[in-house]
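A short worksheet on the structure shown next.
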Amino acid sequence: MSAAATMAKPGLAPVTRADVEDFLYAEAALLDEWRLSEWFALFAPGSVYEVPTAGAPDDADSAKALFYIADDYVRLRERVARLGKREAHAEFPRSRLRRMVSNVRILSASAGQLRAACNLVCYRAKNGKVDTYFGHALYELDVSGSPWRITTKRVMLDMDLLYPGKVSILL
Amino acid sequence: MTLLERTARDAAAPKTGMVAEDPDRFVFRVARKAFTDEAILEEERRRIFDRCWLYLGHGSEIAQDCDFLTRSVGGRELVFNRDRGGAVHAFLNTCPHRGAQLVREPRGNAMSFQCFYHGWAFNVNGRFASRYAEGNYGEGHYSGGCADLVGVPRLEHYRDFYFVNFDRNAVNLSDYLAGAKEIIDLVADQGEAGMEIVGGGQNYFIDANWKLLAENSVDGFHGLPTHQTYFDYLTNVGGLRPDKFPYPFRQVTDLGNGHAVIEYPSPWGRPVARWTPAWGDEKREMIEAGRARLVQQFGEKRGLRMAELSRNMIIFPNLVINDIMAITVRTFQPLAPDRMAVSAWALGVKDEDERLRALRLFNFLEFLGPGGLATPDDVEALESCQRGYRNQREAQWNDISKGMPRGADANTDDEEQMRCYWREWDRRLAASAGA
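Top to bottom, those sequences are chains A and B.
To get the working numbering, take the position in the first sequence, counting from 1, and add 5.
To get the working numbering, take the position in the second sequence, counting from 1, and add 548.
Below, the structure is given as structure tokens:
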């Protein structure tokens, strides 16, 4: 596939890697700034958000393997609502976050649907401790309309074990 | 045992001074230095982890002949494997030659093990299998056992839950488990074809003393305050059902030897046999059929107990089997006074319908594990306690007294189950070495 551009949908302007980068960087900012309702609005009804266990293969199936997170749209909505409460104790007071998104690639594109991947490092600071999550993320995006919508986000942690002990934030 | 008898026994038993029980004033306290002191952890390693039965793994994790996995248990590095004839072994993961770690993969299937350092090889039953030209080694290396893998002193199982003991003279596993066997049966009997660990496991760390997770795993008192947002979730998705049970049942049971269980009617759905509206009508029929089978096979009273009641069990010192909105098997190893490694697995019915299997895993994650809607708040609570113990020179005691006026008829949100655990901890730590 051309690295420069790919046709997302006949008749539409080609989607470039820069377009995908803009989208992923904006998404990252929403998470780092705890603008979680706006982040959830990026997801299409019926979408899924998954974090398999550290070191799992890219094609791990949440119906057969134990994940850390395997949310359907409803549970993701509830997860986001929960993180808005002071009773979400692991994130109250909220941790401080900053993530780096890089190595963005368009994996495939057809009929308004686009698969993309990126590398990800996320730092979380709380209680005098810094947690580091590193891995890569796999996206399926609906780019047929505006704004784009996430239909699948899967964060693959590339550590061998979950050193931070929890995934209490959204990755 | 009556309170008077127990008081008399306890008065005669040696004490660490770190567990203070006053039955007359209904006060039970644990010294916070038990969570912070390196010397106490060393005593625990010698008097608890070197002497108690420690959970190693489930037989289903090495289901096929020649399957193996590696695991840290009680400060040792072990290989848990099945040989060519199907016999189960647990070896210390160190080459008898010079000590290198023999198996360096987390799991796999192999006809033999070979050390990468000098190439010594072993059959999967532990026998030295290398053959060198005459003059290199005497006969003892080939038949005398001096070059064989070193097995754990004791390896026994109950209902496919395998345990090791580093004390050759320990009581057998069955006697050690005591009343816990009956609770394991309530879990192990849920599958007609048996039970299995499903879909791998979760391995994570908590910056807190290991005993805090033992307490937390059977703590009914923290449920509502710590997990309010989980119950909000259940309410919002239609996952709650009235938690009533038609038979009298015991809420807290001292299972002996420091083991204890709480049982309670479930407010949540249980994939084994308790449907909840959040799952939709499609799955209702399958789950109701499973429920009917339990009642038919085990009778109304025991069948409904298996279907309806949730149970949280601690098996002293570091195994938890919680049969709640899913079944989790969880063990944890101290790394330092303020850090532990946790391994947790989902246990499911062998050969279950793939839709029920998917539901079981989905339901597990609504509460349990590092990304669940509840466990991260438990981790936060444990780490918060550990930070609080920095004040232990002045604020010296934890209070574990709730429900003492109710005696043995405690409620699930009392703390009697933790008192059972701490009495055993005190007894074992105070016992003289060699006793």
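Glycine is no exception: its CB is placed at the ideal position from the N, C-alpha and C atoms.
Query: In chain order, what residues of the same chain have a beta carbon less than 6 Å from the beta carbon of Met-12 of chain A, not counting five sequence neighbours either side?; Result: Residue confidence for Met-12 of chain A is low, a pLDDT of 49 falling below 50, so the modelled location carries little weight and cannot support an answer.
Query: Listed from N- to C-terminal order along the chain, which residues in the stretch 738-753 of chain B have their beta-carbon within a distance smaller than 8 Å of any beta-carbon of chain A?; Result: Val-746, Gly-747, Gly-748, Gly-749, Gln-750, Asn-751, Tyr-752 and Phe-753
Query: Note down, in chain order, every chain B residue with its Cβ under 7 Å from the Cβ of Phe-72 of chain A.; Result: Leu-913
Query: I want to verify the contact list: residues of chain B whose CB lies under 9 Å from the CB of Tyr-168 of chain A, in sequence order.; Result: Tyr-752 and Phe-753
Query: Looking only at C-alpha atoms, which of B:Pro-819, B:His-775 and B:Tyr-690 sits nearest to Thr-923 of chain B?; Result: B:His-775
Query: Give me the Cα-Cα distance between Ser-678 of chain B and Leu-697 of chain B, rounded to the nearest whole angstrom.; Result: 13 Å
Query: Can you list, in chain order, the residues of its chain with a C-beta nearer than 7 Å to that of Leu-5 of chain A? Leave out the 5 residues immediately preceding and following it.; Result: Past the boundaries of the shown model lies residue 5 of chain A; chain A is included only from 6 to 176, so the question cannot be answered.
Query: Spell out whether any CB of chain A is found under 8 Å from the CB atom of Ala-821 of chain B.; Result: no
Query: Could you say if the stretch 756-764 of chain B and the stretch 68-85 of chain A meet the contact criterion of at least three C-beta pairs nearer than 8 Å?; Result: no
Query: Where does Phe-664 of chain B land, buried or exposed, given buried means 16+ other C-beta within 10 angstroms?; Result: exposed
Query: Quick one: grab the DSSP three-state call for Asn-60 of chain A.; Result: As written in the sequence, residue 60 of chain A is Gly, which differs from the Asn given in the question. Looking at Gly-60 of chain A - three-state DSSP - the assignment turns out to be coil, as it is neither helix nor strand.
Query: So which of B:Gly-787, B:Gly-917 and B:Glu-830 has the shortest CA-CA distance to Asp-901 of chain B?; Result: B:Glu-830
Query: Within a Cβ cutoff of 6 Å, which residues of the same chain sit near Glu-625 of chain B, ignoring the five residues on either side of it in sequence?; Result: Asn-641
Query: Consult DSSP for Asp-136 of chain A and reduce its assignment to one of helix, strand or coil.; Result: strand
Query: Excluding the 5 residues preceding and the 5 following Glu-687 of chain B in the sequence, name in chain order all residues of the same chain whose CB lies nearer than 7 Å to its CB.; Result: none
Query: Using DSSP's beta-bridge definition, name the partner residues of Lys-159 of chain A.; Result: The residue asked about is misnamed: residue 159 of chain A is Arg in this sequence, not Lys. Paired residue(s): A:Glu-55 and A:Leu-143.
Query: Does the stretch 882-897 of chain B come into contact with the stretch 628-636 of chain B, if we say contact requires no fewer than three beta-carbon pairs (one atom in each stretch) closer than 8 Å?; Result: no
Query: Please identify, using Cβ separations under 8 Å, the residues of the stretch 897-911 of chain B that lie next to chain A, in order along the chain.; Result: Glu-902, Arg-905, Ala-906, Leu-909 and Phe-910
Query: According to the neighbour-count rule (16 or more other Cβ atoms, all chains shown, within 10 Å of its Cβ), is Tyr-795 of chain B buried or exposed?; Result: exposed
Query: Any beta-carbon of chain A closer than 8 Å to the one on Leu-921 of chain B?; Result: yes
Query: Please name the residues in the stretch 142-173 of chain A whose beta-carbon is closer than 9 Å to at least one beta-carbon of chain B, in chain order.; Result: Asp-165, Leu-166, Leu-167, Tyr-168, Pro-169, Gly-170, Lys-171, Val-172 and Ser-173
Query: Compute the Euclidean distance between the alpha carbons of Tyr-690 of chain B and Phe-676 of chain B, then round it to the nearest angstrom.; Result: 6 Å
Query: Three or more C-beta pairs under 8 Å: does that hold for the stretch 51-64 of chain A against the stretch 102-111 of chain A?; Result: no
Query: Could you please give me the residues that DSSP links to Arg-822 of chain B through a beta bridge?; Result: B:Arg-818
Query: Do the CB positions of Phe-168 of chain A and Pro-918 of chain B come within less than 8 Å of each other?; Result: Here residue 168 of chain A turns out to be Tyr, not Phe, going by the sequence shown. No. Outside cutoff.
Query: Check the C-beta distance from Leu-41 of chain A over to Gly-89 of chain A and give it rounded, since I have them as a contact under 8 Å.; Result: 7 Å
Query: Can you tell me where the beta strand (DSSP E) holding Arg-878 of chain B begins and where it ends?; Result: 875-884
Query: Taking the runs of the alpha helix (DSSP H) that are 4 residues or longer, which of them lie wholly in the stretch 890-976 of chain B?; Result: 902-915 and 923-936
Query: Sorted by chain position, which residues of the same chain lie with C-beta nearer than 6 Å to Ala-669 of chain B's C-beta, five sequence neighbours on each side aside?; Result: Ser-660, Gln-662, Ala-677 and Ser-678
Query: Using a Cβ-Cβ cut-off of 8 Å, state whether Val-85 of chain A counts as contacting chain B.; Result: no
Query: Within the 8 Å Cβ cut-off, does Asn-132 of chain A reach chain B?; Result: yes
Query: Helix or strand or just coil, what does DSSP make of Ile-810 of chain B?; Result: strand
Query: State yes or no: is the beta carbon of Ala-31 of chain A nearer than 8 Å to at least one beta carbon in chain B?; Result: no
Query: Please classify Phe-97 of chain A: is it buried, with 16 or more other beta-carbons within 10 angstroms of its beta-carbon, or exposed?; Result: exposed
Query: Could you give the DSSP three-state label for Val-785 of chain B: helix, strand or coil?; Result: helix
Query: Have a look at B:Arg-975, B:Ala-979 and B:Trp-970 and flag the residue whose alpha-carbon is nearest the alpha-carbon of Phe-583 of chain B.; Result: B:Trp-970
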